[in-house]
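Notes follow the structure.
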Amino acid sequence: MGDLGPYLEYDGEDYICTICDRCFRTEGALFAHCRATTRHEWCERCRRVFVSEDSKNAHIRASKRHNLCRSCCEPIDFETNEDLRDHLEDYHHACLECNIFFKSAEDVLSHDISVHHYCNICDRYFGNENNLRMHRQKHQPMDVECYGCYHRFRSFSGMLIHLESGACQSGVSEETIDDLATECYQSRKYIVGTDGDWQYECPDCERQFWQLSALYQHVEDVPACSYLATGDGCLAKLERFMASRLP
1 MGDLGPYLEY DGEDYICTIC DRCFRTEGAL FAHCRATTRH EWCERCRRVF VSEDSKNAHI
61 RASKRHNLCR SCCEPIDFET NEDLRDHLED YHHACLECNI FFKSAEDVLS HDISVHHYCN
121 ICDRYFGNEN NLRMHRQKHQ PMDVECYGCY HRFRSFSGML IHLESGACQS GVSEETIDDL
181 ATECYQSRKY IVGTDGDWQY ECPDCERQFW QLSALYQHVE DVPACSYLAT GDGCLAKLER
241 FMASRLP
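Just so you know, the UniProt record's numbering puts 225 at position 225 of the sequence shown, and the rest follows in order with no gaps.
Here it is, written out as structure tokens:
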């Protein structure tokens, strides 16, 4: 006899439901009976018969062909694993990679940004925090106005690059910037070396740079050093000093 699974058989002539002891001429007629009868349970996806609702539910929980959401009060069985994943993320605020469930979509977003380096503006993930930070600079408004002209930039370091290049119509050059940086009363904190051979240095991590713009790029990109350019930080004070002296 052909075997269609538990309780269903084919004897070469008829299709048989052994629970109901009924015969059918075609497989389609047998399956139609299984869907309609109240004497046993039927799993449409797997085309299997079960003697009770409990045994069918146990099958659904264990089978890899079923995609059950166990977080719902009444578990929902999704057609595909992708549908289940979408449901868990959209309705249960889940991070499936970390297997963590959050209270709100806002909490998921914060987690995605801080742990998975996600840019919510353009819906992209990045390999590390630094790549995300560099990318997000593209989304910053151009609200830093040049001290010497009307050009606008996304960051203070971007303005310094413009001034150091000599392209500003004010005539400010890299030499002008260096002179102001050494003249500022905070200079001992970010300049190292002698008058003939000196460099800029990050006071926090001691990384050295040949240009002031590079030092500011560094503190803009590295969270641990960013405090130097805010509030009473030495680079914040230098920025205010330069604003008062330029152009």
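C-beta atoms are modelled at their ideal positions from N, C-alpha and C, and glycine is treated no differently.
Requested in this report: On a CA-only basis, which of Ile113, Ser114, Cys98, Asp90 is nearest Ala105? Give me that one, please.
Outcome: Position 105 of the sequence shown, counted from the first residue, corresponds to residue 105. Ranking Ile113, Ser114, Cys98, Asp90 by Cα distance to Ala105 puts Asp90 first.
Query raised in the report: Going by beta carbon distance, what residues of the same chain come within less than 8 Å of Arg35, once the five residues before and after it are set aside?
Result: If you number the sequence shown from 1, residue 35 lands on position 35. Answer for Arg35: Trp42, Glu44, listed in chain order.
**Report entry** Ile161 classed as buried or exposed, judged by whether at least 16 other C-beta atoms fall within 10 angstroms
**Finding:** Position 161 of the sequence shown, counting from 1, holds the residue named residue 161. That one is buried.
Requested in this report: Report the rounded CA-to-CA distance for Ile16 versus Phe31, giving the unit in angstroms.
Outcome: As a first step, residue 16 must be located in the sequence shown, where it is residue number 16. As a first step, residue 31 must be located in the sequence shown, where it is residue number 31. Spanning the two alpha carbons is a distance of roughly 10 Å.
**Report entry** Beta bridge counterpart(s) of Ile191 as assigned by DSSP
**Finding:** Against the sequence shown, residue 191 aligns to sequence position 191. Ile191 is bridged to Tyr200.
Query raised in the report: What are the boundary residues of the alpha helix (DSSP H) that Tyr216 is part of?
Result: For the purposes of this step, residue 216 is taken as residue 216 along the sequence shown, with counting starting at 1. Segment 212 to 221, the alpha helix (DSSP H) holding Tyr216.
Query - Of the residues Phe78, Cys205, Asp112, Asp232, the one placed nearest His93, counting alpha carbons only - result: Position 93 of the sequence shown holds residue 93. The option with the nearest alpha carbon to His93 is Asp112.
Query raised in the report: Taking all protein chains shown into account, do 16 or more other C-beta atoms lie within 10 angstroms of the C-beta of residue 250, making it buried, or fewer, making it exposed?
Result: No statement about residue 250 is possible, as the shown extent of the chain runs from 1 to 247 and does not include it.
**Report entry** Anticipated Cβ contact below 8 Å, Val144 with Gly158, distance rounded
**Finding:** Taking the sequence shown and counting its residues from 1, the one referred to as residue 144 is at position 144. Taking the sequence shown and counting its residues from 1, the one referred to as residue 158 is at position 158. At roughly 7 Å, the Cβ-Cβ gap stays under 8 Å, so Val144 and Gly158 are in contact.
Query raised in the report: Taking just the CA atoms, how far does Gly12 sit from Thr26?
Result: Mapped onto the sequence shown, residue 26 falls at position 26. Mapped onto the sequence shown, residue 12 falls at position 12. About 11 Å.
Query raised in the report: Since Asp77 contacts Leu68 with CB under 8 Å, what's their CB separation in whole angstroms?
Result: Against the sequence shown, residue 77 aligns to sequence position 77. Against the sequence shown, residue 68 aligns to sequence position 68. At roughly 5 Å, the Cβ-Cβ gap stays under 8 Å, so Asp77 and Leu68 are in contact.
Query raised in the report: Ordered along the chain, which non-local residues of its own chain (more than five positions away) have a Cβ less than 7 Å from that of Pro75?
Result: Taking the sequence shown and counting its residues from 1, the one referred to as residue 75 is at position 75. Hits under 7 Å: Leu68, Cys69.
Report task. Work out the CA separation of Ser170 and Tyr227 for me, nearest whole Å. Result -> Walking along the sequence shown from the start, residue 227 turns up at place 227. Walking along the sequence shown from the start, residue 170 turns up at place 170. Rounded to whole angstroms, Tyr227 to Ser170 spans 30 Å at the Cα level.
**Report entry** Within the UniProt domain "C2H2-type" (15 to 40), ranges of the beta strand (DSSP E) (whole runs, at least 3 residues)
**Finding:** If we require 3 residues or more, the beta strand (DSSP E) runs fully inside the UniProt domain "C2H2-type" (15 to 40) come out as 15 to 17, 22 to 24.
Requested in this report: Determine the DSSP secondary structure at Phe78, reduced to helix, strand or coil.
Outcome: Position 78 of the sequence shown, counted from the first residue, corresponds to residue 78. Per DSSP, reduced to three states, the secondary structure at Phe78 is strand.
Query raised in the report: Can you tell me whether Tyr200 is buried or exposed, with buried defined as 16 or more other CB within 10 angstroms of its CB?
Result: Here residue 200 is taken as the residue at index 200 of the sequence shown, counted from 1. Tyr200 should be labelled buried.
Query - Spatial distance of Tyr125 from Ser155 (CA atoms) - result: The residue labelled residue 125 in the question sits at position 125 within the sequence shown. The residue labelled residue 155 in the question sits at position 155 within the sequence shown. Taking the straight line joining both Cα atoms gives about 23 Å.
**Report entry** Counterpart residues of Asn67 in DSSP-defined beta bridges
**Finding:** Taking the first residue of the sequence shown as 1, we reach residue 67 at position 67. Phe78.
Requested in this report: Name, in chain order, the residues that DSSP records as bridge partners for Cys119.
Outcome: Numbered from its first residue, the sequence shown carries residue 119 at position 119. As DSSP reads the structure, Cys119 sits in a beta bridge with Arg124.
Query raised in the report: In the structure shown, what three-state DSSP assignment does Arg240 receive?
Result: Along the sequence shown, read from residue 1 onward, the residue named residue 240 stands at position 240. In the structure shown, Arg240 sits in a helix (DSSP, three-state: H, G or I).
Requested in this report: Determine the direct distance from the alpha carbon of Arg48 to that of Thr37, and round the result to whole angstroms.
Outcome: Locating residue 37 in the sequence shown gives position 37, where the first residue counts as 1. Locating residue 48 in the sequence shown gives position 48, where the first residue counts as 1. Their Cα atoms are separated by approximately 13 Å.
Requested in this report: Helix, strand or coil for Met1, going by three-state DSSP, please let me know.
Outcome: For this step, residue 1 is matched to residue 1 along the sequence shown. A caution first: Met1 carries a pLDDT of 46, below 50, which makes its placement in the model too unreliable to give a value.
Query raised in the report: Are Cys168 and Cys146 close, meaning C-beta to C-beta below 8 Å?
Result: Here the question's residue 168 lines up with position 168 in the sequence shown. Here the question's residue 146 lines up with position 146 in the sequence shown. Yes, the Cβ-Cβ distance between Cys168 and Cys146 is below 8 Å.
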